[in-house]
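A.B. asks:
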Amino acid sequence: MSEHIFIHFQEGFAGDVVELWNGPERLGHWSLTTRLQTGMAKIETLDAESGDELRFIMPDAGLNAKIIVPPADGDHVFLVNHDGQKLRVTATEDEPGYL
Amino acid sequence: MPKKTITPDASEQAPKTELMPASEHPDYLDGRLDDLTGFTPNPDGPPLPQFPPQPQPFEPRLPLDPRLPLEPRPFPTPWPPLNICTAVSGRYTMVQPVLSAGPIPPRAGPIVPLPGPLLPLNLNRMTVRVDVDRFFPQDRISVEVSRLFPARRCHVIAEVTSDRCTGFNRRRVEATINYRDGDATLFPGTTLVFEARRTTGTGYGAYTLTVSGGGAATRTHALRFDSIHFDPVEFEVDRISNAGAAVTTMNTAAHPTRPAGLPAETISLATVYQRAGFDVTMSPGANVIPVAAAGANGTWSDAEMHNAMVTHWSRFANSPQWAMWVLYAARHDTGRSLGGVMFDDIGPNHRQGTAIFTDSFIQDVPAGDPNPAAWRQRMTFWTAVHEMGHGFNLAHSWQKALGTPQAPGDPWVPLANEPEARSFMNYPFRVSGGQASFFADFRFRFSDNELTFMRHAPRRFVQMGNANWFVNHAFEEPVAHEQSGAWTLKLRPNRESNRFAFLEPVKLELKLTNSGHQPAQVEPDLLNDGKHISLLIAKKGAPARLWAPFMTQCHESHWKALAPGDSIYGEHFVGATTSGWLIDEPGLYTVQAAVDMGDEVVVSNVLEIIVGTPASVAEEKLAPDWFTEDVARVLAFQGAPALASATDTVREVAEQAAGTPAAIHAGMALSSPMLRSFKVIEGGNKPELRAMAADVEAAAGIQSSVLLDAPDAAAQTMGHIDYFASLETLAGALKDSGETKEAGNVMKASVATMKDRGVLDSVVAKAQRVLDRMK
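Listed in order, the protein sequences are those of chains A and B. Throughout, this note's numbering is defined as the position within the first sequence, counted from one, plus 853. Throughout, this note's numbering is defined as the position within the second sequence, counted from one, plus 602.
(1) Could you tell me which of B:VAL747, B:GLN1037 and B:PRO1275 sits nearest to PRO790 (chain B), measuring between CA atoms?
(2) Taking 6 Å as the cut-off, is the CB of ALA1296 (chain B) close to at least one heavy atom of the ligand ADP?
(3) Can you give the Cα-Cα distance for THR820 (chain B) and ARG877 (chain B), rounded to whole angstroms?
(4) Do we get a CB-CB distance below 7 Å when we pair GLU885 (chain A) with the residues of chain B?
(5) What's the C-alpha gap between ARG1097 (chain B) and HIS1134 (chain B)?
(6) Determine the DSSP secondary structure at HIS861 (chain A), reduced to helix, strand or coil.
(7) Round the Cβ separation of GLU1330 (chain B) and SER1307 (chain B) to the nearest angstrom and send it over; I've been treating them as touching at under 8 Å.
(8) Does the separation of the CB atoms of MET1270 (chain B) and GLN1240 (chain B) fall below 7 Å?
(9) Comparing the C-beta of PHE1044 (chain B) with each C-beta of chain A, is any distance below 7 Å?
(10) Kindly provide the ranges of any beta strand (DSSP E) runs that are 3 or more residues long and lie completely inside the segment 951 to 1007 of chain B, ordered along the chain.
(11) Label THR679 (chain B) either buried or exposed according to how many other C-beta atoms from any shown protein chain fall within 10 Å of its C-beta, with 16 as the threshold for buried.
(12) From which residue to which residue does the beta strand (DSSP E) around GLN1194 (chain B) run?
(13) Please report the straight-line C-alpha distance between PRO643 (chain B) and LEU635 (chain B), rounded to a whole angstrom.
(14) For ILE858 (chain A), go through chain B and note every residue whose CB falls closer than 9 Å to its CB, in chain order.
(15) Just to make sure I have the definition right: I need the residues of chain A whose C-beta is within less than 9 Å of the C-beta of VAL1033 (chain B). Which are they?
(16) Can you grab the Cα-Cα spacing for the pair ALA1244 (chain B) / ALA1238 (chain B), in whole Å?
(17) If we define contact as Cβ-Cβ less than 7 Å, is HIS992 (chain B) a contact residue for chain A?
(18) Checking contacts by CB at 7 Å: is THR891 (chain A) closer than that to chain B?
(19) Can you tell me whether DSSP reads ASN1347 (chain B) as helix, strand or coil?
(20) With a floor of 3 residues, list each beta strand (DSSP E) that falls wholly inside the segment 903 to 954 of chain B, ordered by position along the chain.
(21) Closer than 8 Å by C-beta to ALA867 (chain A): which residues in its own chain qualify, once you throw out the five before and the five after it? Chain order, please.
(22) Compare the Cα-Cα distances from GLY1067 (chain B) to each of B:PHE918, B:THR901 and B:ASN951 and report the closest residue.
(23) Counting only beta-carbon atoms, is LEU873 (chain A) nearer than 7 Å to chain B?
(24) Going by the beta-carbon positions, is the gap between GLY633 (chain B) and ASP735 (chain B) smaller than 7 Å?
(25) Span of the alpha helix (DSSP H) holding THR1123 (chain B)?
(26) For the segment 961 to 980 of chain B, which residues have a CB atom closer than 9 Å to at least one CB atom of chain A, in sequence order?
(27) Hey, how far is the Cα of ARG749 (chain B) from the Cα of ARG755 (chain B)?
(28) Quick one: does LEU952 (chain A) have its CB under 7 Å from some CB of chain B?
(29) Within 10 Å of its beta-carbon, does VAL1208 (chain B) have 16 or more other beta-carbons around it, so buried, or fewer, so exposed?
(30) Straight-line CA distance for VAL1108 (chain B) to THR1342 (chain B)?
(31) How many Å lie between THR850 (chain B) and PHE1026 (chain B) at the Cα?
(32) For SER1049 (chain B), which of B:TRP1071, B:ALA1018, B:PHE1063 and B:ARG1062 has the nearest alpha-carbon?
(33) Taking HIS823 (chain B) as the reference, which of B:VAL795, B:ALA1264, B:ARG1062 and B:VAL1361 has the closest Cα?
(34) Can you list, in chain order, the residues of its chain with a C-beta nearer than 6 Å to that of ALA792 (chain B)? Leave out the 5 residues immediately preceding and following it.
(35) GLU797 (chain B) to LEU811 (chain B), Cα distance in whole Å?
(36) Are there 16 or more other CB atoms within 10 angstroms of the CB of HIS1174 (chain B), so buried, or fewer, so exposed?
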């Protein structure tokens, strides 16, 4: 069953390219810059199946992170942050807000 | 029939409250109470007020009871006498010396003094911000110094090390400078002492700032109290027609989740920023903007908001100003997840506009909240203050340390992140324990670091429309001058030594060089048109005086590419200005120039020149008539026959001081009008235009002698640009009058002198072409 995925690219991006892969398929790639007054770079929406393994790759930095789409009744929200050393992807049940 | 649930408005639930007077507020310090003897409180006496929390390890201070008498009153024994000092925090400016407009006393010597322009004796401006009491004191003194000319500035921040009340309204605050920005030489020293004292009456009447330490001479500046606030700011709150009412006030007691000791009061956006130190004015020009301005989709992009700001904000200007536009709109293009944004990082002047989105997650009350209406009102109010904080260049609490080569800015001073700060700049839902934990300990204030920045950082970092967003969101490295380094301006005499003769009209050369690595566009007339150059001239021990040219030239704007290392040149008679002579006595003078390049003012080296003593009794006798404004004009315009008396004086100098540099200038001024038909207006009430016939032969006789008998001496005192231009003018006049051979001889001499004096090849080649055309 196809799930609705919301990906929030948040802190730590400064003109960085991030690719999103689902198995052999590249779902998207973006050049991201965090807008400092909100702490958010971009919100992407896409569809995936429960059990899919999503891989986020920063090819220039040699970083990657993965997350498996869990089964859920509602939409999925994934937060993606870059702290300079690591790329982190976390799932949250709360819709993030920015100010 | 289903029962309709009505949520009461927050203001209906909370007790009606007014704004608490500052003097009653627990976060407000009214001043100081110090005892003289290190007393021990009398256990039988009245209880002492409690110390408010202090951020610094100072001696603790007592908040003054607002009911304290204005006059000191003896406390009943065994209380020792107390020293009472009311609040001193606020903005002060240096008292400027006032010049007498009366007659100037005669100076010794033969020179008749001329009244100079009424320039302020002290070209420095100083603003002092003292921050030791009132709301949320940060125990800082900051000083802004700027010099009118040459354009220089310095900003220091000092941390308070001692604050004492030594008598009834006698306050002494000592501080150590720990931050500098700009030209340190403008404000040397390491220690500041601010003193406020009573003179007559009960309040303070005199304020001083003494600067010492670091090997600099101790200086005391008299100050004038300007304001209890540090800077003024104006907010205009506009709203979109579908955004609902703009929430600009809130009752701090409306929601039960709050600090126990937080006073119940109704605060406004203005209250928050007043307590942060600003003199807030709310613009009366608030607008309701039709929703159609949001475009077809009904939501707002940053560009649409920027356009709305330009259209609807009555104060909009593409320049820095202490003013901000606050827009309440329904929703941003981003969607419900964006509650507000300082959208104005577009264009050259950032941070002027912010927006709050009323149809966003900031309306989403946590499940089970005891007062949803109050929660919404508080969150909307909080969001407005937060976004406006970005307008003051405040970063989020967890971004304080942010600064990487990739990021657009670095902190102004090294700062640690404050992820748990109970500040308007933190996200309530980001702290440990979430928003309930945040608001349980939130006192509707900014953090100490943020207040220090807003009150004391160089104002360009904070002022809206000035430094770009997030650039110096906390400070920059000190720089000696605000100079890009792309240009170098050299001020020099056209001679090996810096010595000028008595009576000699001082001329100086300017050389502007492209010091960058790329070709740059420059106006070729920049140094000569009189519109872009300023000079300051000071005789040793005397105040500096501003030089202005006798004429400015208006010309069509044109540009020339200047390769790296290439230069343009200019030359000016700086010894006199439109109000008289600036260099008229023997002695040491310092001169500095600045050129306005449009986007920056490039400052020259400081040049010292020495003017010699009179070489003869005749020179002494000539000086009083020579150093007059009219003679200066005759020299500046190379002749002014209408100024008959001055022209006579010039003739006297040409004859009686023959062979001196002054005589060379005099000879040129006397002869130049004769090279052409010279028009004069005569006739008083019935003016008539009359043309004086040219006398090229007579003029050529004088000028050939002046310019060619001793070419090096003439080129040295006239300067290369004027000297060789004069030769070309003379040659042209001779050629026009049929003296082609003589004209050629003048140009041959010009080319030879140029080569001897090492003039640029391009200039020599140009003169050679003029010579070739005369053959």
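The beta carbon of each residue, even a glycine, is placed where N, CA and C say it ideally should be.
C.D. replies: So, from the data block:
(1) Within the second sequence, the letter at position 188 stands for residue 790 (chain B). When only C-alpha atoms are compared, the closest one is B:VAL747.
(2) By its list of ligands, the structure shown contains no ligand whatsoever, and the ligand ADP lies outside what it can speak to.
(3) Within the second sequence, numbered from 1, the residue matching residue 820 (chain B) stands at position 218. Within the second sequence, numbered from 1, the residue matching residue 877 (chain B) stands at position 275. Cα to Cα, THR820 (chain B) sits roughly 34 Å from ARG877 (chain B).
(4) Within the first sequence, residue 885 (chain A) is the residue found at index 32, counting from 1. Sequence inspection shows Leu at residue 885 (chain A); the Glu mentioned does not correspond to that position. No, its Cβ sits nowhere closer than 7 Å to a Cβ of chain B.
(5) The residue you call residue 1097 (chain B) lines up with position 495 of the second sequence. The residue you call residue 1134 (chain B) lines up with position 532 of the second sequence. One C-alpha to the other measures close to 25 Å.
(6) Translated into the one-based positions of the first sequence, residue 861 (chain A) becomes position 8. HIS861 (chain A): strand per DSSP, three-state reduction.
(7) Here the question's residue 1330 (chain B) lines up with position 728 in the second sequence. Here the question's residue 1307 (chain B) lines up with position 705 in the second sequence. Actually they do not touch by this definition, with Cβ atoms about 18 Å apart.
(8) Your numbering for residue 1270 (chain B) matches position 668 in the second sequence. Your numbering for residue 1240 (chain B) matches position 638 in the second sequence. Yes.
(9) As a first step, residue 1044 (chain B) is located in the second sequence; it is residue number 442 there, counting from the start. No, PHE1044 (chain B) lies away from the interface with chain A (no Cβ there is under 7 Å from its Cβ).
(10) 955 to 959
(11) For the purposes of this step, residue 679 (chain B) is identified with residue 77 of the second sequence, where counting begins at 1. Because the pLDDT at THR679 (chain B) is just 42, under 50, the model does not fix this residue reliably, and the point stays unresolved.
(12) For this step, residue 1194 (chain B) is matched to residue 592 along the second sequence. From DSSP, the beta strand (DSSP E) with GLN1194 (chain B) extends over 1189 to 1198.
(13) Translated into positions along the second sequence, residue 643 (chain B) becomes position 41. Translated into positions along the second sequence, residue 635 (chain B) becomes position 33. Any answer about PRO643 (chain B) is weak, because its pLDDT of 41 lies below 50 and its placement is not dependable; what the coordinates show is given next. Cα-Cα distance, rounded: 13 Å.
(14) Here residue 858 (chain A) refers to the residue found at position 5 of the first sequence. Simply none; closest approach about 15 Å.
(15) Walking along the second sequence from the start, residue 1033 (chain B) turns up at place 431. Neighbours of VAL1033 (chain B) on chain A: none; closest Cβ ~14 Å, over 9 Å.
(16) Sequence index remark: in the second sequence, residue 1244 (chain B) carries index 642 (1-based). Sequence index remark: in the second sequence, residue 1238 (chain B) carries index 636 (1-based). Near 14 Å, if we compare the C-alpha coordinates of ALA1238 (chain B) and ALA1244 (chain B).
(17) Your numbering for residue 992 (chain B) matches position 390 in the second sequence. It does: the Cβ of HIS992 (chain B) has a partner Cβ on chain A nearer than 7 Å.
(18) On the first sequence, position 38 is the one that residue 891 (chain A) refers to. Residue contact check for THR891 (chain A) against chain B: a CB pair falls below 7 Å.
(19) The count along the second sequence starts at 1 and reaches residue 1347 (chain B) at position 745. In this structure, ASN1347 (chain B) counts as helix in the three-state DSSP scheme.
(20) 925 to 931
(21) Here residue 867 (chain A) refers to the residue found at position 14 when the first sequence is read from its first residue. Counting only Cβ-Cβ distances below 8 Å, and skipping sequence neighbours, we find THR886 and THR887.
(22) Here residue 1067 (chain B) corresponds to residue number 465 of the second sequence, with the count starting at 1. Nearest option by C-alpha distance: B:ASN951.
(23) On the first sequence, position 20 is the one that residue 873 (chain A) refers to. False, the Cβ-Cβ gap to chain B never drops below 7 Å.
(24) Translated into positions along the second sequence, residue 633 (chain B) becomes position 31. Translated into positions along the second sequence, residue 735 (chain B) becomes position 133. Yes. Within cutoff.
(25) Here the question's residue 1123 (chain B) lines up with position 521 in the second sequence. A quick correction: the sequence has Gln, not Thr, at residue 1123 (chain B). Premise fails: GLN1123 (chain B) lies in the beta strand (DSSP E), 1122 to 1124, not in any alpha helix (DSSP H).
(26) From the segment 961 to 980 of chain B, only SER962, PHE963, ILE964 and ASP966 have a Cβ closer than 9 Å to chain A.
(27) Here residue 749 (chain B) corresponds to residue number 147 of the second sequence, with the count starting at 1. Here residue 755 (chain B) corresponds to residue number 153 of the second sequence, with the count starting at 1. When the Cα atoms are used, ARG749 (chain B) and ARG755 (chain B) turn out to be separated by approximately 6 Å.
(28) Taking the first residue of the first sequence as position 1, residue 952 (chain A) is located at position 99. Judged by the 7 Å Cβ criterion, LEU952 (chain A) is in contact with chain B.
(29) One-based indexing of the second sequence puts residue 1208 (chain B) at position 606. Exposed, by the Cβ-count rule.
(30) Locating residue 1108 (chain B) in the second sequence gives position 506, counting from the first residue. Locating residue 1342 (chain B) in the second sequence gives position 740, counting from the first residue. Cα-Cα distance, rounded: 34 Å.
(31) Locating residue 850 (chain B) in the second sequence gives position 248, counting from the first residue. Locating residue 1026 (chain B) in the second sequence gives position 424, counting from the first residue. Taking the straight line from one Cα to the other gives about 15 Å.
(32) On the second sequence, position 447 is the one that residue 1049 (chain B) refers to. Out of B:TRP1071, B:ALA1018, B:PHE1063 and B:ARG1062, B:ALA1018 has the C-alpha closest to the C-alpha of SER1049 (chain B).
(33) For the purposes of this step, residue 823 (chain B) is taken as the residue at position 221 of the second sequence. Of the listed residues, the one whose Cα sits closest to HIS823 (chain B) is B:VAL795.
(34) Locating residue 792 (chain B) in the second sequence gives position 190, counting from the first residue. Note that residue 792 (chain B) is Thr in the sequence shown, not Ala. The residues are ILE779, GLY815 and GLY816.
(35) Numbered from its first residue, the second sequence carries residue 797 (chain B) at position 195. Numbered from its first residue, the second sequence carries residue 811 (chain B) at position 209. Going from the Cα of GLU797 (chain B) to the Cα of LEU811 (chain B) covers about 6 Å.
(36) The residue labelled residue 1174 (chain B) in the question sits at position 572 within the second sequence. Label assigned to HIS1174 (chain B): buried.
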